[in-house]
Amino acid sequence: TYRKSHRLPGETMDLGNELPVFQTDIGPLGMLVGTDIYFTEAHERLQRLGARLIVWSTAPFAKRDEFPLDSLLRGRAVELRTPIAVARYAGKAGYGGYETSFSWLATWPIGRAMVIDRFGHTVADTTHTAGVATATIPARELAGSVQKRDSLQPGEPKMFPSVEPLETTKRTVRVSIVESTSNFDRLLARLDICGQRKTDIVGLGEYVWYSTEAEVITY
360 TYRKSHRLPG ETMDLGNELP VFQTDIGPLG MLVGTDIYFT EAHERLQRLG ARLIVWSTAP
420 FAKRDEFPLD SLLRGRAVEL RTPIAVARYA GKAGYGGYET SFSWLATWPI GRAMVIDRFG
480 HTVADTTHTA GVATATIPAR ELAGSVQKRD SLQPGEPKMF PSVEPLETTK RTVRVSIVES
540 TSNFDRLLAR LDICGQRKTD IVGLGEYVWY STEAEVITY
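My numbering numbers the first residue of the sequence shown as 360 and each following residue consecutively.
Rendered as structure tokens:
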């Protein structure tokens, strides 16, 4: 059993105070839940205790764009040379009362399971659907044993070099805001106009205004 140990501001749940590593038939396994993922120290501690595989489960944010989290996970896998298996909840139940009603924002978790190897490669991915992500990890990479907690002393805090403030001069940029549209050709035409006007930065709308649940699922 593992109990979530880290939370972000605004979260109110009670937390556990252990980061255990479990000896399994395939090798030592560490577990993380939800916002544990944002805390580098949790990953490092699991690795120091011998974890050769980290499993992270979470109820995801109700949005489709999770690429920043993907980058974070790949970076952790490379840094620690440890594969990471991910399970994200999929379904409408319990999220905003949309079990039986339409939401144009698609405010329900749409799920995603994935496996990232120790080189940071995504070797299995269910995309944003329910399902099982299956990948093969060489047994030799998972072999090992749990390290004794008392034998490991806390690491030294990371020291970052001081950075001198940059001297900047005032600049002028041209910014264009483009209205959201589900018509891709129309969007490209608007971006062409921005290019003709020598736009430096283009702001795109976050949402496309769907009118039916079928359109949300389709697009």
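Every residue gets a Cβ at the ideal spot worked out from N, C-alpha and C, and that includes glycine.
Contacts around residue i, its chain only, beta-carbon distance under 7 Å, and the 5 residues preceding and following it disregarded
| i | result |
| --- | --- |
| Val-505 | Val-380, Gln-382, Pro-387, Leu-408, Gly-409 |
| Gly-490 | Ala-472 |
| Asp-484 | Met-473, Ala-492 |
| Leu-501 | Ile-385, Gly-386, Arg-411, Leu-412 |
Status (buried if at least 16 other CB within 10 Å, exposed otherwise) for residue i
| i | result |
| --- | --- |
| Asp-395 | buried |
| His-402 | buried |
| Glu-518 | Note on identity: in this sequence residue 518 is Met, with Glu being the wrong assignment. Answer is exposed; the Cβ neighbour count stays below 16. |
| Gly-389 | buried |
| Arg-499 | exposed |
| Arg-530 | exposed |
| Leu-432 | buried |
| Ser-541 | exposed |
DSSP state of residue i mapped onto helix, strand, coil
| i | result |
| --- | --- |
| Thr-577 | helix |
| Ala-472 | strand |
| Ser-539 | coil |
| Leu-378 | coil |
| Tyr-397 | helix |
| Arg-499 | helix |
| Leu-464 | With a pLDDT of only 49 at Leu-464, under 50, the local geometry of the prediction cannot be trusted, and the value read off the model is given with reservation. It is coil, neither helix nor strand. |
| Ala-483 | strand |
Beta-bridge partners of residue i, as assigned by DSSP
| i | result |
| --- | --- |
| Ala-548 | DSSP output for Ala-548 lists no bridge partner at all. |
| Arg-447 | Thr-417, Arg-471 |
| Met-390 | Val-414 |
Beta-carbon proximity list for residue i, same chain, < 8 Å, skipping 5 on both sides
| i | result |
| --- | --- |
| Ala-494 | Val-474, Asp-476, Val-482, Ala-483 |
| Gly-434 | Gly-479 |
Beta-carbon proximity list for residue i, same chain, < 6 Å, skipping 5 on both sides
| i | result |
| --- | --- |
| Arg-404 | Leu-378 |
| Thr-417 | Gly-393, Arg-447 |
| Asp-559 | Val-532, Arg-533 |
Three Cβ pairs or more, each shorter than 8 Å: is that satisfied between the region 472 to 485 and the region 441 to 449?
Counting Cβ pairs under 8 Å, three or more are found: they touch.
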